[in-house]
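If you count the sequence shown from 1, you need to add 17 to reach my numbering.
Note that beta-carbon positions come from the ideal geometry of N, C-alpha and C, so glycine has one too.
As the structure is a prediction and not an experimental result, all values here were calculated from the model.
What follows is a short report on a single structure.
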Amino acid sequence: MPLSKLSGPIGPMIVALVLAIGLYAAPVSAQNQSGMGQSGTGSNPTAQSVHEQQLLQELNKIQGRVSIPNTAAGLLEQPQGRDYRDFREGWLVWIGAIAILGMLLALAVFYFTKGRMRMTEGYSGVKILRFNWFERFNHWMTATAFIVLAITGLNYVFGKRLLMPLMSPDAFATWSYWAKYAHNFVSWAFMVGVFFMLVIWIKDNLPDRYDWRWIREAGGFLRNTHPPAGRFNAGQKLIFWSVIIGGIALSVTGVIMLFPFSFTDINGMQLAQYVHAVVGMVMIAVILAHIYIGSLGMEGAYDAMGSGEVDLNWARAHHSAWVEAQEARVTGRPATTMAPAE
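This is the structure:
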């Protein structure tokens, strides 16, 4: 019987029932045909959908097309980004904490067990020029720039963990904003300083015959001895080359990050961040040791970069070969032959 022939109140009820059955049966049938239905538990419309992990396994990166000049904006997701996030939030924190806190702890233990390295012969009252004005200016410019870079760089890793709980979110955001600008602009002074350090001091930091003995005796720190050394001893040479090699690594990777995607792709950008972060942490630890020896750890050492002149007895104790060479230059006589390094 046609539905149009039904009359009375039962007619509309039958029509509504037929429509309800049709609306329910259609999607169930379609699900069963496509394998998406789940018997007895309802339907799961995403059972056959492609999962994100499957896409990441099939593709090196998920990339779209953009019409703006910045083609890098078309990159939506790539697996290496997760690796870097894990490194930044996990391994980098531990590397920085172990390197910096470990160095501070070692210096503290050394100071309280061995004390300050004193001048055994006392002050002679005679001064000898160790560093001229330009050497001292370049040293302090580079040192100041490095301290700014270290503080602002550590804020990137530890700021939200250590500072933000002590500050309001707005105050921390403002500090981080200006810290970023300070890091970017002061970095140029650091790069210039590293370049001039290499030019003016490389000749005095090449290996010589005194280095091995100095290393064997740990510079006299352990036994209060004074092994012979030229203008720079083996320990200072290690710090010099750490600053030069580390400074070059920081400079190159820093420029890559200052001008993103100008020199490399996303993988190169992430590699630059890995290198920049790890080298920065190691250099902070090295410079902490350098600061300790040049100030608290050794009596008379600060004068070298303070006034530029050091006491003659201090110079003879720590750089005897260099003093003899200076005296020979003044008197015109050959320097006294030093005891050969064993």
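Where Asp221 is concerned, there is no enclosing beta strand (DSSP E), because DSSP gives it neither an H nor an E.
At a Cβ-Cβ threshold of 7 Å, Gln343 and Tyr101 do not count as neighbours.
Judged by DSSP in its simplified three-state form, Asp328 adopts strand.
Where Leu118 is concerned, the enclosing alpha helix (DSSP H) starts and stops at Leu109 to Lys131. Between Phe207 and Phe257, the gap from beta carbon to beta carbon reaches 7 Å or more.
In the three-state DSSP reduction, Leu239 falls in the coil class, being neither helix nor strand.
In the structure shown, Met184 adopts coil according to DSSP, grouped into three states. The stretch 226 to 244 and the stretch 331 to 343 touch, with three or more beta-carbon pairs separated by less than 8 Å. By the criterion of at least three beta-carbon pairs nearer than 8 Å, the stretch 202 to 216 is in contact with the stretch 145 to 164. For Leu275, the enclosing alpha helix (DSSP H) covers residues Ala251 to Leu275. When Cβ pairs closer than 8 Å are counted between the two stretches, the stretch 218 to 231 is seen not to touch the stretch 178 to 189, the count staying below three.
Of Glu341, Val347 and Gly317, the smallest CA-CA separation from Glu138 is found for Gly317. Within the DSSP bridge table, the entry for Met300 names no partner. Only residues of its own chain outside the window of five on either side were considered, and among them Glu316 have a CB closer than 6 Å to the CB of Arg135, listed in chain order.
By DSSP's assignment, Lys177 forms no beta bridge with any residue. Within the DSSP bridge table, the entry for Met134 names Met315 as partners. Burial is judged here by how many other beta carbons sit within 10 angstroms of a residue's own beta carbon; Asp328 has at least 16 and is buried. Its chain contains no residue whose beta carbon lies nearer than 7 Å to that of Trp111 once the 5 sequence neighbours on both sides are disregarded. Contact annotation: Glu326 and Lys144 have beta-carbon atoms nearer than 7 Å. Residue pairing of Ile145 in beta bridges, as defined by DSSP: Val327.
Contact check between the stretch 277 to 291 and the stretch 245 to 254: fewer than three CB pairs, one atom from each, fall below 8 Å, which does not count as touching. If you draw a straight line from the Cα of Gln95 to the Cα of Thr169, it comes to about 28 Å.
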